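There are 2 protein chains.
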Amino acid sequence: MRNALCEMLDIEFPLFAFSHCRDVVAAVSRAGGFGVYGGLRCTPEELETELSWIDAHVDGRPYGADLVFPQKLEAAPDAAQDSLRNRIPQGHRDFVAGILRDHDIAFPDNDPLNRAPDLSHSHAGALLEVAFRHPIRLIANALGMAPPQMIEMARAHGVPVAALVGSAQHAVRQAEAGVDVIVAQGTEAGGHCGEVSTLVLVPEVLKALRAAGHAAPVLAAGGIVDGRQMAGMMAIGAAGAWTGSVWLATTESEVSQTFRDKMVAATSRDTVRATSRTGKPSRQLRSTWHDAWEAAGAPEPLGMPLQSMLAIPALNKAEQAADRGSEKAKALVTYYVGQGVGLIDGIRSAGQVVQDFKSEFADAVGELEALVG
Amino acid sequence: MRNALCEMLDIEFPLFAFSHCRDVVAAVSRAGGFGVYGGLRCTPEELETELSWIDAHVDGRPYGADLVFPQKLEAAPDAAQDSLRNRIPQGHRDFVAGILRDHDIAFPDNDPLNRAPDLSHSHAGALLEVAFRHPIRLIANALGMAPPQMIEMARAHGVPVAALVGSAQHAVRQAEAGVDVIVAQGTEAGGHCGEVSTLVLVPEVLKALRAAGHAAPVLAAGGIVDGRQMAGMMAIGAAGAWTGSVWLATTESEVSQTFRDKMVAATSRDTVRATSRTGKPSRQLRSTWHDAWEAAGAPEPLGMPLQSMLAIPALNKAEQAADRGSEKAKALVTYYVGQGVGLIDGIRSAGQVVQDFKSEFADAVGELEALVG
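Residue numbers (our numbering), protein chains in the order written: chain A, 3 to 375; chain B, 3 to 375.
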């Protein structure tokens, strides 16, 4: 398959796999797709290790990296941690401790809060420097506008920039800022997402970009877990598919066995778009965590990054207890996942997922051809 | 184009147009699609008039009808109206009067409530009898499960039954009840809708039906306003597209000029899935109506049919005042519409919309073929 995006990135099949798991990234690129390593939780040292591993295992095939380069958030270098912690009300801490108690999960009293993620420009800059020391072929900005510094640095290294958007207006703004590849992510996507569905957002973004004179290719994201859906989105005009959830259900992925089992059992109605994980609306597998935050008398979730500081350690504890066999803790386990989880009914290798996408894509195109004669 | 559904209904292009406007129904069927007349608000006499008009204007092409045949609701023959009215709290009546006052809309004090829709079996039966006196080729049930009486009556007349579903589970239940055509309607659809997006729901419904041994064709509904999207959904495996919003933006449609203008101006983010119109979640164009019901201190919307009894007369008043030129009233005007409204940028004839769908469909398939070589 050849389109402008395949040429730009030297790939055969425009299936983009966002993953925090280096094995998935390398396997997808080796199989003819394009792995994108999500490094936003890494230290610069960790990122160096992960990308070096990918370089050694990707057989020279192209891959990319996804980092956060914040435009507004300046929070959380070391000095700021204490002041952030102090902004988390005792009532919220007690509420989370109560949720854990209700699930028979022990929780240390001394330090129940997470470190805030380091969203400083200096940290982001250090990560970018690491990334550009490796042969990445695409750099994506995980949240909000790609700032000028990031785009300049990418230009200097000859690497195209991708950005995720949830509205046509944001797509035009990103293209105007110099972004090369627009990922139009619908509300059915796992993680932070807007309210417009992929089926509507993709053509709306394409129309708005072309009307504004921008030729940037548009990837469809949100809900896509098979090659038929990918073909469908490309029939609409997408240059390829950007996927996430489907890679969590692979033998290689980083998620726990508990979450893997939950994914296979879930229907598309078992996700929820909620603020109780990070403070911004993000789609996750519904669990008793969300029930608790939605119950009468629950506190309002805090903003970003305070809610994550509160939520992540508690959810990590739940995951550990669940993997040790606690049924109560299993009910609490959750993670980012899109509505496409309803289509996942087993665990495959990442390479097999790419092969299945390819054959499903070919079937879909063949049947459409047969239909129109 | 030929598939099993096209054969079943003797149509050339499996584009289904749900409309309350007889002109749209006839125009779509004449142009090679399949018009479905939404008769749920009609008296039997009105339905007779509308279907006779369609018979006289459809050039012998096939068309269908969509009615409500309620399974649970037994409410609202004449005798029940008073008791329903008495269940609407004074606080809710005052709240709605206040909304209208805030928009400078006069509202009669003597009878501010609507008649409840007649959802009795005898009324539904009378409508069905009218419908089956006409050469309809499909009968659809607008809400919930198609009850056995409806399916038996359709069988006796040799007419296939269609039903709208928002989940895979409901699709299997409908097929088990004997429904012949499943309309998988995503959350982006106008009107009553679930939470799962069309892109995920269509393959999930297909998978669940086939796993349960049902061969019923599946139509994709929700967000589809052009032929590229239709091709995309058919690549995924849908047998065709079921559409609604796009027909509101036609020269023939029943909506007011105010609403027509609002549709052309709207983006996909200007819809809301809210209970403040009918008591059940339905997608509408966001207006000051929704803002008022979501504001702090607003009462909780009532259930079905009480909320409609309260909302419809008020919104009709707003529409009338808006069409007389009141800017304040315009802000209040709303109607059912899906997220696809963001893709609509002008008013066309219904026949032109069908022609555009066909050429967009052909373009999409052609480009996909070229892509894979």
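Virtual Cβ for every residue (Gly too), placed ideally from N, Cα, C. None of the values given here were measured: they were computed from a predicted structure.
message: Can you tell me whether A/Ala294 is helix, strand or coil according to DSSP?
response: Translated into positions along the first sequence, residue 294 of chain A becomes position 292. In the structure shown, A/Ala294 sits in a helix (DSSP, three-state: H, G or I).
message: If you reduce the DSSP assignment to three classes, tell me which class A/His172 lands in.
response: The residue you call residue 172 of chain A lines up with position 170 of the first sequence. DSSP places A/His172 in helix when its eight states are reduced to three.
query: Do B/Leu42 and B/Leu69 come within 8 Å of each other at the CB atom, strictly closer than that value?
result: As a working mapping, residue 69 of chain B is identified with position 67 in the second sequence. As a working mapping, residue 42 of chain B is identified with position 40 in the second sequence. The beta carbons of B/Leu69 and B/Leu42 sit closer together than 8 Å.
message: Counting only C-beta atoms, is B/Thr51 closer than 8 Å to chain A at any point?
response: Stepping through the second sequence from its first residue, residue 51 of chain B is reached at position 49. False, the Cβ-Cβ gap to chain A never drops below 8 Å.
- prompt: DSSP three-state call for A/His94: helix, strand or coil?
  reply: Numbered from 1 along the first sequence, position 92 holds the residue referred to as residue 94 of chain A. If DSSP states are grouped into helix, strand and coil, A/His94 belongs with the helices.
- prompt: Between which two residues does the alpha helix (DSSP H) harbouring A/Arg4 extend?
  reply: Your numbering for residue 4 of chain A matches position 2 in the first sequence. From DSSP, A/Arg4 is part of no alpha helix (DSSP H); its letter is neither H nor E.
field: Residues, ordered as in the chain, of the stretch 225-239 of chain B that lie near chain A by beta-carbon distance below 8 Å
entry: Gly225, Ile226, Asp228, Arg230, Gln231, Ala233, Gly234, Met235, Met236, Ala237, Ile238 and Gly239
query: Just to confirm, are A/Pro343 and A/Ser289 a CB contact at a threshold of 8 Å?
result: Mapped onto the first sequence, residue 343 of chain A falls at position 341. Mapped onto the first sequence, residue 289 of chain A falls at position 287. Sequence check: residue 343 of chain A is Val here, not Pro. No; because the gap between Cβ atoms is not below 8 Å, this pair is not in contact.
query: Can you find a C-beta in chain A that's less than 8 Å from the C-beta of B/Ala173?
result: If you number the second sequence from 1, residue 173 of chain B lands on position 171. Not an interface residue.
- prompt: So is A/Thr189 in contact with chain B if we call contact Cβ pairs under 8 Å?
  reply: Taking the first sequence and counting its residues from 1, one reaches residue 189 of chain A at position 187. Taking Cβ atoms only, chain B reaches closer than 8 Å to A/Thr189, which makes this a yes.
Amino acids of chain B, ordered along the chain, whose beta-carbon sits closer than 7 Å to that of A/Val374: Taking the first residue of the first sequence as 1, we reach residue 374 of chain A at position 372. Under the 7 Å cutoff, chain B gives Met3 and Val367.
query: Should A/Gln286 be flagged as near chain B, meaning a C-beta pair shorter than 8 Å?
result: If you number the first sequence from 1, residue 286 of chain A lands on position 284. False, the Cβ-Cβ gap to chain B never drops below 8 Å.
- request: Kindly indicate which residue of A/Gly193, A/Arg24, A/Gln151 and A/Gly160 has the alpha-carbon position closest to the one of A/Val167.
  value: Along the first sequence, one-based indexing puts residue 167 of chain A at 165. Of the candidates A/Gly193, A/Arg24, A/Gln151 and A/Gly160, the one whose C-alpha sits nearest the C-alpha of A/Val167 is A/Gly193.
message: Among A/Asp228, A/Ala320 and A/Gln176, whose alpha-carbon lies nearest the alpha-carbon of A/Gln354?
response: For the purposes of this step, residue 354 of chain A is taken as residue 352 along the first sequence, with counting starting at 1. Nearest option by C-alpha distance: A/Asp228.
query: Taking 8 Å as the CB-CB limit, is B/Ser1 close to chain A?
result: A question about residue 1 of chain B goes unanswered here, because the residues of chain B that appear run from 3 up to 375.
message: Quick check on A/Ile141: does DSSP put it in helix, strand or coil?
response: The residue labelled residue 141 of chain A in the question sits at position 139 within the first sequence. In the structure shown, A/Ile141 sits in a strand (DSSP, three-state: E or B).
- prompt: Is the Cβ-Cβ distance between A/Gly40 and A/Leu17 less than 8 Å?
  reply: What you label residue 40 of chain A is simply residue 38 of the first sequence in a count that begins at 1. What you label residue 17 of chain A is simply residue 15 of the first sequence in a count that begins at 1. In this structure, A/Leu17 does not lie closer than 8 Å to A/Gly40 by Cβ.
task: Return the residues of the stretch 299-319 of chain B that lie within a Cβ-Cβ distance of less than 7 Å from chain A, sorted by chain order.
output: So nothing in the stretch comes that close.
message: When you compare the CB of A/Lys264 with every CB in chain B, is at least one pair closer than 8 Å?
response: Here residue 264 of chain A refers to the residue found at position 262 of the first sequence. It does not; no Cβ of chain B falls within 8 Å.
message: Quick check: A/Ala300 and A/Phe97, are their CB atoms within less than 8 Å of each other?
response: Counted from its first residue, the first sequence places residue 300 of chain A at position 298. Counted from its first residue, the first sequence places residue 97 of chain A at position 95. Yes.
field: For B/Gln231 and B/Val30, the rounded distance between their alpha carbons
entry: Reading the second sequence from its first residue, position 28 is the one you call residue 30 of chain B. Reading the second sequence from its first residue, position 229 is the one you call residue 231 of chain B. Cα to Cα, the separation comes out at about 18 Å.
field: Reduced DSSP secondary structure (H/G/I, E/B, other) of B/Ile56
entry: On the second sequence, residue 56 of chain B is found 54 positions in, with the first residue counted as 1. It is helical.
field: Uninterrupted beta strand (DSSP E) stretches inside the stretch 258-292 of chain A (no shorter than 3 residues)
entry: 273-276 and 284-287
task: My understanding is that A/Gly234 touches B/Ala6, with C-beta atoms under 8 Å, so please give their C-beta distance in whole angstroms.
output: Taking the first sequence and counting its residues from 1, the one referred to as residue 234 of chain A is at position 232. Taking the second sequence and counting its residues from 1, the one referred to as residue 6 of chain B is at position 4. Their Cβ separation, rounded to whole angstroms, is 20 Å, which puts A/Gly234 and B/Ala6 out of contact at 8 Å.
query: DSSP on B/Phe359, reduced to helix/strand/coil?
result: Here the question's residue 359 of chain B lines up with position 357 in the second sequence. Helix at B/Phe359.
query: Which first and last residues belong to the beta strand (DSSP E) in which B/Ala222 is found?
result: Translated into positions along the second sequence, residue 222 of chain B becomes position 220. If you look at B/Ala222, you'll find it in the beta strand (DSSP E) that goes Val220 to Ala223.
query: Looking at chain B, which residues of the stretch 327-353 of chain A have a Cβ within less than 7 Å of any of its Cβ atoms?
result: Taking 7 Å as the Cβ-Cβ cut-off against chain B, the residues of the stretch 327-353 of chain A that qualify are Gln341, Gly342, Gly344 and Leu345.
Of the residues A/Val174, A/Glu329 and A/Val248, the one placed nearest A/Ala213, counting alpha carbons only: Looking up residue 213 of chain A in the first sequence gives position 211. Checking every option, the nearest Cα to that of A/Ala213 belongs to A/Val174.
query: Relative to the alpha-carbon of A/Glu52, which residue among A/Arg32, A/His22, A/Pro64 and A/Gly62 has its alpha-carbon at the smallest distance?
result: Working through the first sequence from its first residue, we reach residue 52 of chain A at position 50. Of the listed residues, the one whose Cα sits closest to A/Glu52 is A/His22.
- prompt: Are the C-beta of A/Pro205 and some C-beta of chain B separated by less than 8 Å?
  reply: Residue mapping note: residue 205 of chain A aligns to position 203 of the first sequence, counting from 1. At least one chain B Cβ lies under 8 Å of A/Pro205.
query: Per DSSP, what kind of secondary structure is B/Val227 in: helix, strand or coil?
result: Looking up residue 227 of chain B in the second sequence gives position 225. In the displayed model, B/Val227 falls within coil according to three-state DSSP, outside both helix and strand.
query: Considering only the beta carbon of each residue, do A/Met306 and A/Gly281 sit closer than 8 Å?
result: On the first sequence, residue 306 of chain A is found 304 positions in, with the first residue counted as 1. On the first sequence, residue 281 of chain A is found 279 positions in, with the first residue counted as 1. Yes. Within cutoff.
query: Assuming B/Pro303 and B/Ser278 make a contact with CB atoms under 8 Å, what is their CB distance in whole Å?
result: Reading the second sequence from its first residue, position 301 is the one you call residue 303 of chain B. Reading the second sequence from its first residue, position 276 is the one you call residue 278 of chain B. B/Pro303 to B/Ser278, Cβ: 5 Å. Contact.
task: Establish whether the CB of B/Leu17 and some CB of chain E are separated by less than 8 Å.
output: Checking the listed chains, one finds no chain E in this structure; the protein chains it contains are A and B.
- request: Rounded to whole angstroms, what's the CA-CA distance from B/Tyr65 to B/Ala28? Just pull it up for me.
  value: As a first step, residue 65 of chain B is located in the second sequence; it is residue number 63 there, counting from the start. As a first step, residue 28 of chain B is located in the second sequence; it is residue number 26 there, counting from the start. Cα atoms of B/Tyr65 and B/Ala28: separation of roughly 8 Å, rounded to the nearest angstrom.
task: Note down, in chain order, every chain B residue with its Cβ under 7 Å from the Cβ of A/Glu178.
output: Start at 1 with the first residue of the first sequence, and residue 178 of chain A comes out as number 176. Those do not exist, as A/Glu178 stays about 18 Å from chain B at its closest Cβ, beyond 7 Å.
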